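K.L.:
Numbering (UniProt numbering), first residue to last: 1 to 1073.
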């Protein structure tokens, strides 16, 4: 008979028996039925949720009449098996009834029954905590069931272990469920701290260690589900964990724990956003990428209990694996597999490992400012291996712990620390002086980072297992990324390079990947250290030791080339079988990323090894793996961008070098990419990510390189890009188009950059195509941001055409100008960056519009509505929008044709700018407002607002005397300098009738004006403006000899004297009162 059917018949017999004698059950028969049910094989599904509800409810009704320890134990085992091994969901009524029964049974059953009884409670709690809210107080309140059981001296370890597992079940939170109130979380933590600091703290028995491990796993669950941890218990918990981290550590005595306090050095930590906080606060407007990964096949297998590092989603629902281990030993070693000593060491190592797991969770969850103060207790600022007793820190564990899994857990903790607290590590400042009685926080952090580097250096030398070497290198990569080397002791990065280079040819590909990751982090350090450049200048890889692998980098293998570039290229060019090529994909990707990172700060070394770069690019573009192609395009894009910058800089300085760069660019683009490769990538609809990277790569070509390409290649690129940038609906005449928003974004961005190239700027048809695509794309939310940027770029190029007096400017249709302007006005009410782009677009268009354009009524309407939009934007929430609005209003004031046509309310424009100048809290906005007020080139632009602008500017000068945050001092100085320039500009345009009013206001603010000019420290540009304004005022004085003009002239002369100018006009004979 089928086993499922047989077990279902057993269940039916029990059910029938309960129905026949509901009131007076035969005790022997009931025990037999429960034994039969407990003997069933619960790995087979044979009980439905309805059957479970009925049978449990009937048994509770019967057992409420009969109080028998055997029956309670059998029933507890049955409920445990049904809830944990069968896919059933009990009704709330049944849950309450069962929980009430077992909690009641705890008060009268014998000690030997408690383990099964508590296990049943835990099984009922698992994933049902919100439905059992009425029992929370009984379970977690003062003098509650859990606290009583765990503090009992008579209770055996099996029952205590079952209690901790039941408590752990309460920490399980299903997705969407509300968090448990903080009061109950606090109670759970207090109960667990009592367990950890109780008799088992220094107890070396197997049972006590198992209890500690279980308590630590409960804490891990609390932190992994991101409940609010009570900060008042943090110091106590960290003190316990610090002591337990050396439990059973050879050569270290178990010390009594002490509650930790935050370091007094961290009392006034600056407010900075850590990596996790900044990621959670940042909002991106780019479209969500569709998940193209294969779905993971779901099953009933659960991750192992000893591996708490899971994803956030996995941590929300704790795996059921911990229910399966009910033995108090909970050891993975049987008696036959090792002696009692081996088991003891295994459990001691498990305690230490779980301590580090718990600390890692704490690091990720607890507030960064609060936690950083405690971290100084775990990381030393003096060598940890010197003296006796040795300093008990995380670094000592990494160096000395005999268990490799504990060392890996400690490395995970160190990695989490340097990753999350990177902003605080930036406080480090190495002084080089001897230690004194008081050490600042900056010096302490610098010393800690120096010790971390020294520790990892020693650990890498001592380690010989690949798994541990990989973790060491991952940790070292995180340390390199988080350390401010320009503020640390010199030489740290040189030692890192020497330690890591040897692993580049390790036989384990994962070790190679980890080594390349570290080197990629090293070349990514900014500002770029000279010691790294010196290390890369060598033609052979540094080697301090030989381990299991032999270094293939001989002293003359790469003569004249950078050893790192040559080594990366060697991994990309080596001949191998297809299977080996697939196996080394990760290594080749990392090698490409290292070379890409080098482009920014070590371009000279790449140029010296350009043959390797070109060879690697050629080989990788032919690789069948699309991932390799994508990363090759990223390398080519970064390299081309720096190449274009080099060509631009050297065209006037070193024409021979510029020609070499241009020839190299020709080889890369014409022979490697535009030989059909890039075109095939752009048109491959099956690889949208390859299309995206191809567009990004093409956008880096640079103006000089683009202009030197054959015309047919340029036309082909533009044709394909225009097709990719258009929406599917408008592509009736285009052969290829894509639905992927990322491809369309990249194509629009590339076209936006092309607009700024000199040759394409003069191509009106191209500008109109890009402008029309941008206007059309504004209707698509997934590409709206890129479209708004493209719109502003096209408008800026039109403005440049007008300023350069190009003939093309007169050919721009009014309808096209109105199309761009109206689109920008529609986008303007949008938010953030799109609003800033729209405001910039309107300013550029207003600068482009000429008197001829104003003959068109639609253009006149556009001017009026655009001006209104810009004035409204000055009160926007985002400061970047306000800055762009000030810039755009400056463009408007600089357009004499528009202002003189009387279509603009100049009074409102000046009023809005003065309001921003005097009331905005952002210095950059105020600087731009002051600059906009100085844009008009003729006096007539100011009209009757000259005195208003003058007085408002002087008032703003007075505002610069206020004290500001030290981070704003530079901007305050820039504002003061711009205000001085604006004052000079206004005086240089003043007419005789303006000077009396200007003189009165100037004398009222004479001290402020003098102070502002003195603090500009004699800048040449400002002195020239002063001279220009003085000459203008002196000319008026000669003509009118007005007393008010003389006062202004005297003020200007005094300002020039402060600038140490001696060749000034004499003021003798002037009657100035």
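Cβ coordinates follow ideal geometry from the N, Cα and C atoms, glycine included. Only a predicted model underlies this, so the values are computations on that prediction, with no experimental measurement involved.
How many angstroms separate the CA atom of residue 376 from the CA atom of residue 195?
P.N.:
Residue mapping note: residue 376 aligns to position 376 of the chain shown, counting from 1. Residue mapping note: residue 195 aligns to position 195 of the chain shown, counting from 1. Residue 376 and residue 195: Cα-Cα distance of roughly 26 Å.
K.L.:
Tell me whether the region 934–945 and the region 892–909 touch, counting them as touching only if at least three CB pairs, one residue from each stretch, are closer than 8 Å.
P.N.:
Segments in contact, yes.
K.L.:
For residue 690, collect the residues of the same chain with a Cβ closer than 7 Å to its Cβ; drop the 5 residues on either side in sequence, then sort them by chain order.
P.N.:
Against the chain shown, residue 690 aligns to sequence position 690. These residues qualify, in order along the chain: 626, 629, 630, 681, 684.
K.L.:
How many Å lie between residue 710 and residue 662 at the Cα?
P.N.:
Counted from its first residue, the chain shown places residue 710 at position 710. Counted from its first residue, the chain shown places residue 662 at position 662. Looking at the two C-alpha atoms, the distance is approximately 14 Å.
K.L.:
Return the first residue and the last residue of the alpha helix (DSSP H) that residue 815 is part of.
P.N.:
Position 815 of the chain shown, counting from 1, holds the residue named residue 815. Counting along the chain, the alpha helix (DSSP H) containing residue 815 begins and ends at 814–827.
K.L.:
Taking only the alpha-carbon atoms, compute the straight-line gap between residue 85 and residue 123 and give it to the nearest angstrom.
P.N.:
Taking the chain shown and counting its residues from 1, one reaches residue 85 at position 85. Taking the chain shown and counting its residues from 1, one reaches residue 123 at position 123. Straight-line Cα distance between these residues: approximately 10 Å.
K.L.:
What's the gap between the Cα of residue 694 and the Cα of residue 237?
P.N.:
Looking up residue 694 in the chain shown gives position 694. Looking up residue 237 in the chain shown gives position 237. If you take the alpha carbons of residue 694 and residue 237, they lie about 53 Å apart.
K.L.:
Taking all protein chains shown into account, decide if residue 4 is buried (16 or more other Cβ within 10 angstroms of its Cβ) or exposed.
P.N.:
Locating residue 4 in the chain shown gives position 4, counting from the first residue. Exposed: under 16 other Cβ atoms inside 10 Å.
K.L.:
Specify the secondary structure class of residue 874 as computed by DSSP and reduced to three states.
P.N.:
As a working mapping, residue 874 is identified with position 874 in the chain shown. It is coil, neither helix nor strand.
K.L.:
Does the Cβ-Cβ distance between residue 500 and residue 511 come in under 8 Å?
P.N.:
Numbered from its first residue, the chain shown carries residue 500 at position 500. Numbered from its first residue, the chain shown carries residue 511 at position 511. Cβ distance not < 8 Å, so residue 500 and residue 511 don't count as in contact.
K.L.:
Around the C-beta of residue 111, are 16 or more other C-beta atoms found within 10 angstroms, so that it is buried, or is it exposed?
P.N.:
Position 111 of the chain shown holds residue 111. So residue 111 counts as exposed.
K.L.:
By the three-class DSSP mapping on this structure, what secondary structure does residue 101 have?
P.N.:
Translated into the one-based positions of the chain shown, residue 101 becomes position 101. Of the three classes helix, strand and coil, the one that applies to residue 101 here is helix, per DSSP.
K.L.:
Spatial neighbours of residue 10 within its chain, please: C-beta separation below 6 Å, excluding the five flanking residues on both sides.
P.N.:
For the purposes of this step, residue 10 is taken as the residue at position 10 of the chain shown. The answer, listed in chain order, is 36.
K.L.:
Residue 366: buried (16+ other C-beta within 10 angstroms of its C-beta) or exposed?
P.N.:
As a working mapping, residue 366 is identified with position 366 in the chain shown. It is buried - the Cβ of residue 366 has at least 16 other Cβ atoms within 10 Å.
K.L.:
Is the separation between the beta-carbon of residue 74 and that of residue 41 shorter than 8 Å?
P.N.:
As a working mapping, residue 74 is identified with position 74 in the chain shown. As a working mapping, residue 41 is identified with position 41 in the chain shown. Result no, Cβ atoms of residue 74 and residue 41 do not sit closer than 8 Å.
K.L.:
Restricting to Cα atoms, I'd like to know which of 71, 773, 50 is closest to residue 29.
P.N.:
Here residue 29 corresponds to residue number 29 of the chain shown, with the count starting at 1. Checking every option, the nearest Cα to that of residue 29 belongs to 71.
K.L.:
Taking 8 Å as the threshold (C-beta atoms), are residue 166 and residue 118 in contact?
P.N.:
For the purposes of this step, residue 118 is taken as the residue at position 118 of the chain shown. For the purposes of this step, residue 166 is taken as the residue at position 166 of the chain shown. In this structure, residue 166 lies closer than 8 Å to residue 118 by Cβ.
K.L.:
With distance defined between alpha-carbon atoms, name the residue in 357, 918, 944, 971 nearest to residue 953.
P.N.:
The residue given as residue 953 occupies position 953 in the chain shown. Cα-wise, what sits closest to residue 953 is 918.
K.L.:
Could you check what DSSP says for residue 363 in three-state terms: helix, strand or coil?
P.N.:
As a first step, residue 363 is located in the chain shown; it is residue number 363 there, counting from the start. Residue state, collapsed to three classes: helix.
K.L.:
State the DSSP-derived secondary structure class of residue 465, mapped to helix, strand or coil.
P.N.:
Taking the chain shown and counting its residues from 1, the one referred to as residue 465 is at position 465. DSSP places residue 465 in coil when its eight states are reduced to three.
K.L.:
Pull up the CB-CB distance for residue 875 and residue 828, whole angstroms please, since I reckon it's below 8 Å.
P.N.:
On the chain shown, residue 875 is found 875 positions in, with the first residue counted as 1. On the chain shown, residue 828 is found 828 positions in, with the first residue counted as 1. 13 Å between Cβ atoms; not a contact.
K.L.:
Distance check for residue 647 and residue 591, CA to CA, integer angstroms please.
P.N.:
By 1-based counting over the chain shown, the position of residue 591 is 591. By 1-based counting over the chain shown, the position of residue 647 is 647. For residue 591 and residue 647, the distance between alpha carbons rounds to 26 Å.
K.L.:
Tell me the residue span of the alpha helix (DSSP H) that contains residue 82.
P.N.:
For the purposes of this step, residue 82 is taken as residue 82 along the chain shown, with counting starting at 1. Element bounds for residue 82: 69–85.
K.L.:
Of all Cβ atoms in chain D, is any one closer than 8 Å to the Cβ of residue 44?
P.N.:
In summary, chain D is missing from the structure at hand, where a single protein chain is found.
K.L.:
According to the neighbour-count rule (16 or more other Cβ atoms, all chains shown, within 10 Å of its Cβ), is residue 202 buried or exposed?
P.N.:
Within the chain shown, the letter at position 202 stands for residue 202. Its Cβ having fewer than 16 others within 10 Å, residue 202 is exposed.
K.L.:
CA-CA distance, residue 182 and residue 215?
P.N.:
Along the chain shown, read from residue 1 onward, the residue named residue 182 stands at position 182. Along the chain shown, read from residue 1 onward, the residue named residue 215 stands at position 215. One C-alpha to the other measures close to 19 Å.
K.L.:
Taking 7 Å as the cut-off, is the CB of residue 13 close to at least one heavy atom of the ligand MG?
P.N.:
The ligand MG is not part of this structure, which contains no ligands at all.
K.L.:
Which of the three DSSP states, helix, strand or coil, is assigned to residue 756?
P.N.:
Translated into the one-based positions of the chain shown, residue 756 becomes position 756. Three-state result, residue 756: coil.
K.L.:
The alpha helix (DSSP H) spanning residue 1036 covers which residue range?
P.N.:
Reading the chain shown from its first residue, position 1036 is the one you call residue 1036. 1020–1040 is the extent of the alpha helix (DSSP H) around residue 1036.
K.L.:
Assuming residue 783 contacts residue 744 under a Cβ cut-off of 8 Å, what Cβ separation, rounded to an integer in Å, is found between them?
P.N.:
Within the chain shown, numbered from 1, the residue matching residue 783 stands at position 783. Within the chain shown, numbered from 1, the residue matching residue 744 stands at position 744. The pair is a contact, with the Cβ atoms about 5 Å apart (cut-off 8 Å).
K.L.:
Within the chosen definition, does the region 850–862 reach the region 881–889 through at least 3 CB pairs nearer than 8 Å?
P.N.:
In short, these stretches do not touch, since the Cβ pair count stays below three.
K.L.:
Put residue 962 into one of helix, strand or coil per three-state DSSP.
P.N.:
Within the chain shown, the letter at position 962 stands for residue 962. The answer is coil: DSSP assigns residue 962 none of H, G, I, E or B.
K.L.:
Alpha carbons only, please: which of 930, 987, 342 is nearest the one belonging to residue 971?
P.N.:
The residue given as residue 971 occupies position 971 in the chain shown. Out of 930, 987, 342, 930 has the C-alpha closest to the C-alpha of residue 971.
K.L.:
Taking only the alpha-carbon atoms, compute the straight-line gap between residue 1027 and residue 1056 and give it to the nearest angstrom.
P.N.:
As a first step, residue 1027 is located in the chain shown; it is residue number 1027 there, counting from the start. As a first step, residue 1056 is located in the chain shown; it is residue number 1056 there, counting from the start. Between residue 1027 and residue 1056, the C-alpha separation is close to 8 Å.
K.L.:
Considering Cα atoms alone, identify which of 721, 346, 848, 15 is closest to residue 800.
P.N.:
Looking up residue 800 in the chain shown gives position 800. Residue 800 has its Cα closest to that of 848, out of 721, 346, 848, 15.
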